[in-house]
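Working notes, structure below.
Protein chains in written order, with the working numbering: chain F, 3 to 160; chain V, 107 to 677.
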């Protein structure tokens with residue numbers, strides 16, 4: 003048989019002997035070590051501050067910072083310039099490709115027009131060339147086809 | 107100093123709170139409830155989608171010689187609001203574009219019109235457009251476009267067809283293969299500033315267009331050209347109204363050449379009669395006349411109704427149900443076998459043969475040869491032919507159909523009949539397209555054309571002998587070519603107008619060579635030649651075209667087939 007939770011809540015948990023049930027016992031704070039005449043690290047004595055400031059505004063620090071910044075700026079500008087230049091180059095190349103493709107297309111059209119049989123025949127006719135009529139295929143004796151030449155025209159039909 | 111009453115401060119505070127609440131409420135409406143609508147509105151204002159036109163595929167012949175290609179061009183438009191001198195600009199533009207005075211006047215009116223956009227000219231050559239741009243007429247702008255060019259002019263024009271100003275195929279193969287040639291347009295979607303400049307870092311998505319595939323035809327440019335030249339000469343020499351020529355390979359169904367005269371130049375379609383745009387080889391029907399007799403002979407042999415050595419007593423005229431049919435020339439009653447009937451092209455003999463075959467079997471053979479059905483070539487406007495239903499056939503119908511009257515077919519349908527015989531009795535679907543060529547140059551062959559057996563090889567061989575006889579010693583003598591055995595048949599058919607036959611004729615010759623190993627079938631049809639007869643008008647055209655094809659393909663001579671053993675009229 004189960005027991006209602008309400009009743010179980012009243013059952014005391016076993017305690018360890020000596021352990022406080024409430025807050026943890028307070029731990030004594032460590033006392034800083036005492037120094038005699040020498041300021042401890044992190045202490046802000048006037049001398050330390052002066053030294054720190056002197057080190058921070060040392061010319062070498064500034065020179066180094068300036069050098070790094072200049073290098074960064076120059077690099078950034080160079081990269082930007084390079085990117086822009088490359089962009090222009092790509093544009094130029096793309097334009098050139100388009101131009102050459104157009105030109106190729108035009109040349110293909112020209113070749114097609116120039117090689118059209120009608121044009122060649124017209125040119126040939128102007129030069130006095132003609133397609134041979136009534137070509138006769140000569141056969142090696144013994145070959146089969148035995149049809150004879152016939153005059154143009156023929157009998158009529160139904 | 108006296109302090110203001112506390113209630114005034116409270117009222118003022120309440121007013122401020124109330125106003126602030128209103129602002130917050132409105133902010134909520136804008137930022138929450140209508141947020142999507144405003145986002146879309148802003149998107150519409152900033153984002154522009156431009157369609158990138160796909161490059162239209164080329165049409166090339168079987169050797170990849172270009173027959174139709176697209177060139178870069180410019181559409182020229184005007185914004186009349188900024189045109190300062192309509193008359194002066196119209197004159198200048200007309201001068202650069204080489205326009206006539208009428209066109210210049212029309213342009214002047216357009217430049218004076220209300221509105222902000224009118225086309226000046228479309229598909230203008232890029233160099234011409236650049237020349238105009240250099241003059242900098244105010245209010246004139248240029249848009250990139252393309253124009254279709256047919257470098258060989260009128261070569262195969264009825265086959266190729268043409269496109270409209272928007273580059274859409276509207277006739278011929280340009281129309282039939284529109285989806286293949288057109289490609290898929292691309293899109294560029296970008297975010298633009300109010301000044302129309304691209305916003306850096308903004309949306310800029312390009313979906314490149316996919317260019318259309320090139321169409322590789324079965325046409326041979328050289329044979330096509332020469333066939334057209336011979337056709338034109340034949341039409342002119344015979345004072346004909348027009349004509350049609352077809353050259354095809356009976357083994358593959360490949361059409362090497364197909365043309366009708368008169369033709370047109372697709373680069374200048376406005377200058378030609380639209381009637382010349384028709385590819386009459388597939389769009390026009392004609393009563394085939396005597397070339398049809400070969401189907402009667404095929405039916406007779408294949409069904410066993412007539413044997414090769416059966417002899418018919420053929421008179422010059424015959425009366426059927428009150429109608430008199432007659433041969434082309436009077437003659438005494440003549441003993442003829444089937445081969446003689448074909449070689450001498452006897453109408454009476456053909457009708458006697460048809461009597462033995464019977465209506466149903468005759469009709470069945472016409473259907474087997476493809477009459478009444480399109481060939482499957484798929485060309486726009488192809489006709490299926492006219493074939494009377496067998497239930498309507500009378501004795502007269504059977505007789506007239508046997509020699510090619512009372513039925514109507516396209517020249518291509520009849521060419522397919524002769525190709526079937528040349529191919530040993532197997533019908534192969536004629537085709538105009540060999541395959542497609544992708545933009546990377548890879549060629550994809552078209553599907554193998556369908557085929558079916560129509561008659562036995564033995565029957566086809568016997569018919570070939572008869573056709574060779576018709577050329578060697580019959581009506582087709584003018585088609586003979588030295589060194590090659592030609593098999594073919596002449597045809598002369600009266601034209602039908604308003605239900606009556608008139609004294610105008612269509613002359614034809616259909617044949618193939620070499621007879622024993624056919625490589626080409628040539629169909630030559632002349633409309634209303636002064637010389638009337640197929641053997642006189644059309645057979646020489648066949649001879650010219652076949653002779654050129656022999657040299658061009660080239661075709662080697664082959665052993666001759668024997669002439670029919672049972673022919674009685676052989677000298």
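For glycine and all other residues, C-beta sits at the position ideal for the given N, C-alpha and C.
Using a Cβ-Cβ distance under 8 Å, would residue 257 of chain V count as near chain F?
-> yes
Output yes if chain F places a C-beta closer than 8 Å to the C-beta of residue 653 of chain V; else output no.
-> yes
Short CB-CB distance (under 8 Å) between residue 328 of chain V and chain F = yes
Within 9 Å of chain F by C-beta, residues of the segment 170–197 of chain V in sequence order = 171, 172, 173, 175, 176, 177, 178
Between the segment 304–329 of chain V and chain F, which residues of the former have CB atoms less than 9 Å from a CB of the latter, in chain order?
-> 327, 328
Bounding residues of the beta strand (DSSP E) (the contiguous stretch that carries residue 353 of chain V) = 348–354
N- and C-terminal bounds of the beta strand (DSSP E) containing residue 155 of chain V = 153–158
Partner residues on chain V for residue 104 of chain F, Cβ-Cβ distance less than 8 Å = 178, 232
For residue 133 of chain V and residue 126 of chain V, the rounded distance between their alpha carbons | 10 Å
What distance in whole Å lies between the Cβ atoms of residue 394 of chain V and residue 49 of chain V, which are believed to be in contact at a cut-off of 8 Å?
-> Residue 49 of chain V lies beyond the residue range present for chain V, which begins at 107 and ends at 677; the question has no answer from this structure.
Would you mind telling me which residues of chain F sit closer than 9 Å to residue 261 of chain V, beta carbon to beta carbon, in chain order?
-> 118, 119, 120
Checking contacts by CB at 8 Å: is residue 368 of chain V closer than that to chain F?
-> no
Reference residue 556 of chain V, options V/235, V/526, V/607, V/562, closest by Cα | V/526
Exposed or buried, residue 81 of chain F, counting other C-beta atoms within 10 Å across all chains shown (16 or more means buried)?
-> exposed
Compare the C-alpha of residue 120 of chain F against each of V/477, V/416, V/443, V/261 and name the closest.
-> V/261
Between the segment 87–104 of chain F and chain V, which residues of the former have a C-beta closer than 7 Å to a C-beta of the latter?
-> 104
Closer than 6 Å by C-beta to residue 216 of chain V: which residues in its own chain qualify, once you throw out the five before and the five after it? Chain order, please.
-> 224
Looking at the C-beta of residue 151 of chain V, does it have a partner C-beta in chain F at a distance below 8 Å?
-> no
Contact with chain F by residue 571 of chain V, beta-carbon distance below 8 Å = no
Which stretch, first to last residue, makes up the alpha helix (DSSP H) that contains residue 461 of chain V?
-> 453–463
What is the residue span of the beta strand (DSSP E) that residue 76 of chain F lies within?
-> Element bounds for residue 76 of chain F: not the beta strand (DSSP E) but the alpha helix (DSSP H), 61–116.
Tell me whether residue 182 of chain V sits in a helix, a strand or coil according to DSSP, three-state version.
-> strand
Is residue 97 of chain F buried or exposed, if buried means 16 or more other CB atoms sit within 10 Å of its CB?
-> exposed
So, does the CB of residue 138 of chain F fall closer than 8 Å to a CB anywhere in chain V?
-> yes
Terminal residues of the continuous alpha helix (DSSP H) containing residue 125 of chain F?
-> 119–128
What are the complete beta strand (DSSP E) segments, minimum 3 residues, inside the segment 625–659 of chain V?
-> 626–633
Inspect the CB distances between the segment 432–448 of chain V and the segment 510–530 of chain V and report whether three or more fall short of 8 Å.
-> no
Which listed residue (V/149, V/620, V/611) has its alpha carbon closest to that of residue 641 of chain V | V/611
Residue 199 of chain V (DSSP reduced to helix, strand or coil) | helix
Could you give the C-beta distance for residue 663 of chain V and residue 589 of chain V, rounded to a whole number, given that I count them as a contact under 8 Å?
-> 5 Å
Among the residues of its own chain, which have a CB less than 6 Å from the CB of residue 313 of chain V, if the five just before and after it don't count?
-> 292, 293
In chain order, what residues of the same chain have a beta carbon less than 8 Å from the beta carbon of residue 73 of chain V, not counting five sequence neighbours either side?
-> Outside the shown range of chain V, which is 107 to 677, sits residue 73 of chain V, and nothing can be said about it.
With a floor of 3 residues, list each beta strand (DSSP E) that falls wholly inside the segment 374–438 of chain V, ordered by position along the chain.
-> 418–420, 423–426, 429–432
Looking at C-alpha atoms only, which residue of V/364, V/360, V/357 is the closest neighbour of residue 349 of chain V?
-> V/364
Would you please verify whether the beta carbon of residue 617 of chain V is less than 8 Å from any beta carbon of chain F?
-> no
Can you name the residues of chain V whose CB is closer than 7 Å to the CB of residue 80 of chain F?
-> Residues of chain V passing the Cβ test: none, with the nearest at roughly 21 Å.
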